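In my numbering, the protein residues as written are 15 to 148. Built from N, CA and C at the ideal position, the CB exists for glycine as well. The structure presented is a predicted model; accordingly, all values stated were derived computationally and were not measured. Okay, structure first, notes after.
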Ligand SMILES: [Zn+2]
């Protein structure tokens, strides 16, 4: 199955970069029902960016980042989980992870699916409408 092959590749990649923690890994909990029929989830993600101002002048204490050297930025990410998504499936958002060094490229954001609960439809009315419109 194509899906399983992709998963293995992601796994290797993840362990390869583990020490630098460039890649940010989050777990997305969904119900069995959501996994079977698909759903969309929004996330708040905090990612680190090397302060661009510090790079220019290191002699004065930077006001942009308070001298820390990096900036934590909060963003909202929307993920569309397709129907028949299995437990432990990983979605990779290339270049959406942390930046740990100004010389290096930004890491990836990896969202791992964790399926729990029953087959009952636990979607909110808004989610039901959103799915119909998709
Ligand atoms: Zn700075």
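Relative to the C-alpha of residue 88, which candidate in 73, 49 and 57 has its C-alpha closest?
For this step, residue 88 is matched to residue 74 along the chain shown. The candidate whose alpha carbon is nearest that of residue 88 is 57.
Nearest to residue 131 (by Cα), restricted to the options 118, 47 and 61:
The sequence position of residue 131 within the chain shown is 117, counting from 1. The shortest Cα separation from residue 131 among 118, 47 and 61 belongs to 47.
Can you give the beta carbon distance from residue 111 to residue 61, rounded, assuming they're within the 8 Å contact cut?
Numbered from its first residue, the chain shown carries residue 111 at position 97. Numbered from its first residue, the chain shown carries residue 61 at position 47. Indeed, because the Cβ distance is near 6 Å, the residues count as touching under 8 Å.
Note down the Cα distance separating residue 44 from residue 100, rounded to an integer number of angstroms.
Here residue 44 is taken as the residue at index 30 of the chain shown, counted from 1. Here residue 100 is taken as the residue at index 86 of the chain shown, counted from 1. Taking the straight line joining both Cα atoms gives about 10 Å.
With distances taken between CB atoms, is the gap from residue 77 to residue 65 smaller than 7 Å?
Indexing the chain shown from 1 puts residue 77 at position 63. Indexing the chain shown from 1 puts residue 65 at position 51. Contact flag unset, no.
Any heavy atom of ligand 1 nearer than 5 Å to the CB - residues listed
65, 67, 68, 76, 78 and 79
Residue burial classification, residue 32 (beta-carbon count within 10 angstroms, cutoff 16):
Position 18 of the chain shown holds residue 32. Summary for residue 32: the model assigns pLDDT 41, below 50, so the residue's position carries little reliability; its value from the coordinates is reported in the next sentence. The residue is exposed, with fewer than 16 neighbouring Cβ atoms inside 10 Å.
Here's the rule I'm using: 16 or more other beta-carbon atoms within 10 Å means buried, otherwise exposed. How should residue 113 be labelled?
Your numbering for residue 113 matches position 99 in the chain shown. Using a 10 angstroms sphere on the CB of residue 113, the tally of other CB atoms reaches 16 or more, which defines it as buried.
Return the bridge partner residues of residue 84 from the DSSP annotation.
As a working mapping, residue 84 is identified with position 70 in the chain shown. Residue 84 is bridged to 64.
By a C-beta neighbour count over all protein chains shown, 10 Å radius and 16 as the cutoff for buried, is residue 49 buried or exposed?
Here residue 49 corresponds to residue number 35 of the chain shown, with the count starting at 1. Classification of residue 49: buried, given that the 10 Å Cβ count is 16 or more.
Cβ-Cβ separation, residue 122 to residue 107 (assumed contact under 8 Å), whole Å:
To locate residue 107, count along the chain shown from 1; it is residue 93. To locate residue 122, count along the chain shown from 1; it is residue 108. Between residue 107 and residue 122 the beta-carbon gap is near 6 Å, inside 8 Å, which marks them as a contact.
Under three-state DSSP, which class holds residue 117?
Walking along the chain shown from the start, residue 117 turns up at place 103. Note: residue 117 maps to coil in three-state DSSP.
How would you label residue 92, buried or exposed, when you count the other beta carbons within 10 angstroms and need 16 or more for buried?
Within the chain shown, numbered from 1, the residue matching residue 92 stands at position 78. Classification for residue 92: exposed.
Per DSSP, which one or two residues make a beta bridge with residue 55?
Within the chain shown, the letter at position 41 stands for residue 55. The partner list for residue 55 (beta bridge, DSSP) reads 93.
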